[in-house]
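Counting in the UniProt record's numbering, the sequence shown runs from 1 upward without gaps.
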Amino acid sequence: MATKDVEDLVKELKRATLGEVEDAIPLLTKISATDPKTYEEVDLAEPLHNFLSSTTSGCDGLRAQVTKCIADVAKTSSQRKRFTCRSTIGILLQFIGDANRHDKIPLVTQSCRALGNICYLNDDARNIIIDLHGDEVLVKLLDVHVDEEQFIKVRCGVLSNFILGGEEYAKKVMALGMLEKLEVIACEAVAKTPLAEDLLANTLPPLSILTENVSDLKFSHQLNGTLIRILAASTNPDLAEMCLELLHYQAEYDDVKVHLARDGLCETIYRLLEKYKTLASSSSDARALMKSACDLIVLILTGDESMNYLYGTPFLASMEAWLDAEDVDLVTTGVLALGNFARTDSHCIDMVKSNVMQKLLGILAKNNGTGDDVNLQHALLSTLRNLVIPKVNKTAVIEAGLVAIVLPMLEIHTSWVVFKLLGTLRMTVDGQEKLALELLANERLLKQLVAWSNHTDHAGVTGESLRLMAWLIKHAYALQQHDAPARADHTSLAHFVHTDGTVEAMVRMLTSQHLVMQNESLIALSILLIVFGGNQSVTAPRVDIEGHLVAANVGGRLGELIATRADTMTKEIVENLQSVIGLLRKSDVLHKHLAQHNIDELIKSIPIIVEYCTL
């Protein structure tokens, strides 16, 4: 529409406000049917407001046409601002206040549209609504029992646009009982046969907005149960998506997790996914919905009480059955579910005794390459890590071939998979002397650990690499601590020392941010010094431990450790530190190296040592 045509139309509209109002209907219809951007530069607020204020109560048809026109025009930001005034908003609220009168519903519907568009992204309009107590008027709309689809849609639309303003506005309507009223509507809708899906499709969005804008918002047990019933009964994917989203929010709370578990949410999701799983192969939307549902199962199982409850139900067998599923997302969910069940020793022991552990290893053996699904790999390693924590499980899992299956995964460089791989190996070697010795001699493993220990993009990978090296030494040579007699064969440990970067990594670990890693480093270094320091056996591999430690600047690292951590050192760390320094002093070369870094003076600054000396 040309600029002149727009100007002429506005002039006609203004003239119509002075004459017969019925003459304006064609003009209003024409404006509503035109792209609202056409009127960006003209002020339609004044003539349209004049129509609203001049019409009598018997002109509801014209009023509805005017409010419809306002709703259509106010879709643009500039027009919203022009309609943002107490007089116009006050009249619209007055019309909306008649919602309990059935004959007024067409006018109320268009007034809701108009006010909803005006207050969209418009805090000024929202504040005027509050000043006029319009929030009370809007919330009362939820008490109106009308089946007209457009009214139901715009009723929740205007409320949604109002509370989209943030927590201040959301809390206003919460105080007026909006959440409870939405709960009543949802409960009534789910009780109808057939399910009132249109009503629910317009009732659930405001719940989502409230959840996003009000911190720590918990639904009632009844409302959560209603959402589960909707999820079970509806065939509408949009409704399912909204229910899952709302239940995700609620499942963030541990006390809610157990209620959802007891109310059968996980079983409901399992049945739905079994019913519709084939759709995920042909639809990206269905795949996204499946993943959301799977994530919710896993989230509920992260709660201790909910996990323990579900362990005693048939749902456990359902998750075990998914290990044989063809869909990778279902397999991954089954693995993650079992990993969450494996958070108690008794559950872990049960899974190793049953066929579950063998199934998990079988799946990993087929998915341990660089081209396999990283989510599945991460899930499998997480679960297997939990299973090997109980001491009674370690031998069985090792004999079942865990290490041989996971070592090919050294080729994988996805950080979060590597992190779980390292953690799994570390838990596996705990107390397993024979395995630790074997891995100390595995050059491929050691070189990769050194490389990962220098990984700067993922602190977890760096830390786990260092810890695994320290644990290999600790558990292969546990008896070598405290000057115990050395073992006859030191080939594995010599291989470790001769691998480039290993000793430097253990020395670098001294200045880790974590106390536990500092202590593990001290233990590993003390073992190296006991085995290879002083007079070595004639038959033992020759190891220049002095040269390695000086090259790694062990004195500088010890000095940094003492200077930065003296005040926070535990008794155990201080004792191990003194032990390492004592072993270092047995070598003239290392003693001189320590002196260059003023270690004798620095160690006197450790508060615990000073305290012991002054007793």
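We treat Cβ as the ideally placed atom computed from N, Cα and C, and that holds for glycine. Because the structure is a prediction, the values reported are computed rather than measured.
Where does residue i land, buried or exposed, given buried means 16+ other C-beta within 10 angstroms?
i, result
"T428", "buried"
"K11", "exposed"
"P206", "buried"
"P47", "buried"
"Q377", "buried"
"G431", "exposed"
"K172", "buried"
"D544", "exposed"
"K181", "buried"
"H102", "exposed"
"A563", "exposed"
"M143", "The residue asked about is misnamed: residue 143 is Asp in this sequence, not Met. Exposed."
"K394", "buried"
"E411", "exposed"
"E40", "exposed"
"A24", "buried"
"D254", "exposed"
"Q250", "buried"
"H482", "Model confidence at H482 stands at a pLDDT of 47, short of 50, so the residue's coordinates are unreliable; what they give is reported in the following sentence. Its Cβ having fewer than 16 others within 10 Å, H482 is exposed."
"A317", "exposed"
"A191", "exposed"
"D35", "exposed"
Do residue i and residue j have their C-beta atoms closer together than 8 Å?
i, j, result
"L594", "L583", "no"
"I96", "S111", "yes"
"H514", "L558", "no"
"T319", "G334", "This sequence places Met at residue 319; Thr is not what is there. The answer is yes: Cβ separation under 8 Å."
"V6", "V42", "yes"
"A459", "S492", "no"
"E520", "K474", "yes"
"L466", "A494", "no"
"A293", "D327", "no"
"L141", "A99", "yes"
"V139", "T109", "no"
"L289", "P237", "yes"
"T88", "L121", "no"
"M174", "V146", "no"
"N368", "P408", "yes"
"L449", "L468", "yes"
"L195", "L132", "no"
"K277", "L330", "yes"
"F341", "E267", "no"
"L522", "I573", "yes"
"L246", "L204", "yes"
"R82", "A45", "yes"
"L425", "A476", "no"
With a cut-off of 8 Å on the beta carbons, I'd call residue i and residue j a contact; round off their distance for me.
i, j, result
"L384", "L360", "6 Å"
"A16", "L27", "6 Å"
"L561", "Q518", "7 Å"
"E546", "S605", "Not really, about 26 Å apart at Cβ, beyond 8 Å."
"G130", "R80", "The question names Gly, yet the displayed sequence has Ile at residue 130. Not really, about 17 Å apart at Cβ, beyond 8 Å."
"L549", "V503", "7 Å"
"V397", "M351", "With a Cβ gap of about 10 Å, V397 and M351 do not count as contacting."
"I228", "G264", "7 Å"
Can you tell me the Cα-Cα spacing of residue i and residue j, whole angstroms?
i, j, result
"V258", "G312", "13 Å"
"K420", "S78", "54 Å"
"E305", "I209", "29 Å"
"H455", "L387", "28 Å"
"I105", "K68", "13 Å"
"E212", "V298", "22 Å"
"S382", "A33", "59 Å"
"K30", "A240", "39 Å"
"A325", "A379", "15 Å"
"C156", "A232", "24 Å"
"L301", "I349", "19 Å"
"A186", "D123", "29 Å"
"V589", "G556", "15 Å"
"S54", "L62", "11 Å"
"N375", "T332", "7 Å"
"I405", "H248", "35 Å"
"L445", "T511", "24 Å"
"K592", "V497", "22 Å"
"T38", "G177", "40 Å"
"E197", "C243", "12 Å"
"M569", "S346", "35 Å"
"A552", "A524", "15 Å"
"S234", "L164", "27 Å"
"E188", "Q150", "19 Å"
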